[in-house]
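A short write-up of the structure that comes next.
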Amino acid sequence: MEQLQIGKFRLTWLDGGVTHLDGGAMFGVVPKALWEKKYPANALNQIELRTDPILLQAGGKNFLIESGIGNGKFTEKQKRNYGITDEAHIEESLAHLGLTTKDIDAVLMTHLHFDHVTGLSKWDGDRLVPTFENAVIWTTEIEWEEMRHPNIRSRNTYWEQNWKPIAERVKTFSEHQTILPGIEMHHTGGHSNGHAIITLESDGEIAYHMADLMPTHAHHNVLWVLAYDDYPMDSIFAKEKWLHKGIEEGAWFTFYHDAYFRAVKMDEKGQILAKIVRER
Numbered sequence: 008m009e010q011l012q013i014g015k016f017r018l019t020w021l022d023g024g025v026t027h028l029d030g031g032a033m034f035g036v037v038p039k040a041l042w043e044k045k046y047p048a049n050a051l052n053q054i055e056l057r058t059d060p061i062l063l064q065a066g067g068k069n070f071l072i073e074s075g076i077g078n079g080k081f082t083e084k085q086k087r088n089y090g091i092t093d094e095a096h097i098e099e100s101l102a103h104l105g106l107t108t109k110d111i112d113a114v115l116m117t118h119l120h121f122d123h124v125t126g127l128s129k130w131d132g133d134r135l136v137p138t139f140e141n142a143v144i145w146t147t148e149i150e151w152e153e154m155r156h157p158n159i160r161s162r163n164t165y166w167e168q169n170w171k172p173i174a175e176r177v178k179t180f181s182e183h184q185t186i187l188p189g190i191e192m193h194h195t196g197g198h199s200n201g202h203a204i205i206t207l208e209s210d211g212e213i214a215y216h217m218a219d220l221m222p223t224h225a226h227h228n229v230l231w232v233l234a235y236d237d238y239p240m241d242s243i244f245a246k247e248k249w250l251h252k253g254i255e256e257g258a259w260f261t262f263y264h265d266a267y268f269r270a271v272k273m274d275e276k277g278q279i280l281a282k283i284v285r286e287r
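First residue of the sequence shown: 8, per this note's numbering; consecutive thereafter.
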């Protein structure tokens, strides 16, 4: 498992499963001739997208950033449609570190689309229960509201089976939330109305988790946003703000979806200056 140290904070990538989604949808209006040079597609025009949570250990606490796709939560048709070739191995990943799901203190959810939230619950016989028994789940007020009351478009990704089992564990915030000193969640909108990013700062070292504003290293161009984005102009403005700030600060950018890199440092032109490569 790959790790990154940000001052006193330790980040470890867990095995949350993998999807393969349409490359055109993931790069929006960008021509395939451009994006495929940076992120290859298979014969079905799908690109590999990991769904790997990041274990963040800080201040004696264990946090997760995102939750993976879980196990036994998708029909065979959904597995085909979403290109799911492997489900989560979170418990095995935690066991390798001497931890269990009971040791997770909080899960920091940038948003609640199915590929981020499905791992928050698991089957216990014929009912769904929280995967992380003792964890608080943080998300924005806007995201939690839409999760429970989706519109005609968002109901395709906000599923009742994903919010009902965790409802009693959810805490929400409006624009900004400090989880611990140096661990901050910031509402951005864009990809979804309630989308948030996470910033980490410890001993002068910085990391930004841009979530689906920049799901892979190939999305560094501020105009390269997803066709899945509900508010693409908001994505562009938020991405421009935070990407520029992070580059100026020499921050690491961490990924949940990238199949090739766990984290990178880059310059304004998108040139990679430092990297944590995913073991394949």
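Every residue gets a Cβ at the ideal spot worked out from N, C-alpha and C, and that includes glycine.
It should be emphasised that the depicted structure is a prediction, and the values quoted were computed from it without experimental measurement.
*Using the C-alpha atoms, what's the distance from phenylalanine 81 back to proline 38?*
Spanning the two alpha carbons is a distance of roughly 31 angstroms.
*Within its chain, find whatever has a CB closer than 7 angstroms to the CB of phenylalanine 34; leave out the 5 residues flanking it on each side and keep chain order.*
Correct list, in chain order: Trp42, Trp231.
*Entirely enclosed beta strand (DSSP E) segments - the region 211–239, minimum 3 residues*: Correct list: 212–216.
_Contact belief for tryptophan 149 with leucine 127 at Cβ below 8 angstroms, rounded distance in angstroms_ = In the sequence as presented, tryptophan is not what sits at residue 149; that position holds isoleucine. The beta-carbon separation of isoleucine 149 and leucine 127, rounded to 18 angstroms, does not stay under the 8 angstroms limit for a contact.
_For the beta strand (DSSP E) containing leucine 18, name the first residue and the last one._
Per DSSP, leucine 18 belongs to the beta strand (DSSP E) from 16–20.
_Please give me, in chain order, every unbroken run of the alpha helix (DSSP H) with length at least 4 that falls completely inside the region 123–161._
Fully enclosed alpha helix (DSSP H) runs of 4 or longer: 148–155.
*If we count Cβ pairs, one from each stretch, closer than 8 angstroms, do we get three or more for the region 131–139 versus the region 82–90?*
The region 131–139 is not in contact with the region 82–90.
_Extent of the continuous alpha helix (DSSP H) run through isoleucine 296_ = The structure shown does not extend to residue 296, since the chain is modelled only from 8 to 287, so the question has no answer here.
*With which residues is threonine 206 paired in a DSSP beta bridge?*
Note: threonine 206 sits in a beta bridge opposite Glu191, Tyr215.
*asked:* Taking DSSP's pairing of strands, which residues face phenylalanine 260 in a bridge?
replied: Bridge partners of phenylalanine 260: Tyr215, Val271.
*Spatial distance of phenylalanine 121 from serine 161 (CA atoms)*: The straight-line gap from Cα to Cα measures roughly 10 angstroms.
*Between the region 259–275 and the region 8–24, do at least 3 Cβ pairs fall closer than 8 angstroms?*
In short, these stretches touch, since the Cβ pair count reaches three.
*Please list, in chain order, all residues of the same chain as lysine 282 whose beta carbon is under 6 angstroms from its beta carbon, the five residues on each side excluded.*
Only Phe268, Val271 meet the Cβ criterion.
*Taking 8 angstroms as the cut-off, decide whether the C-beta atoms of aspartate 214 and histidine 118 are in contact.*
It should be pointed out that residue 214 corresponds to alanine in this sequence rather than to aspartate. Cβ distance not < 8 angstroms, so alanine 214 and histidine 118 don't count as in contact.
*Using three-state DSSP, classify isoleucine 61 as helix, strand or coil.*
Strand.
*Taking the alpha-carbon positions, what's the glycine 66 to lysine 109 distance?*
Distance between the alpha carbons of glycine 66 and lysine 109 is about 17 angstroms.
*Which same chain residues, not among the five before or five after aspartate 112, have their C-beta less than 8 angstroms away from its C-beta?*
Answer for aspartate 112: Lys68, Asn69, Phe70, Asn141, Ala142, Val143, listed in chain order.
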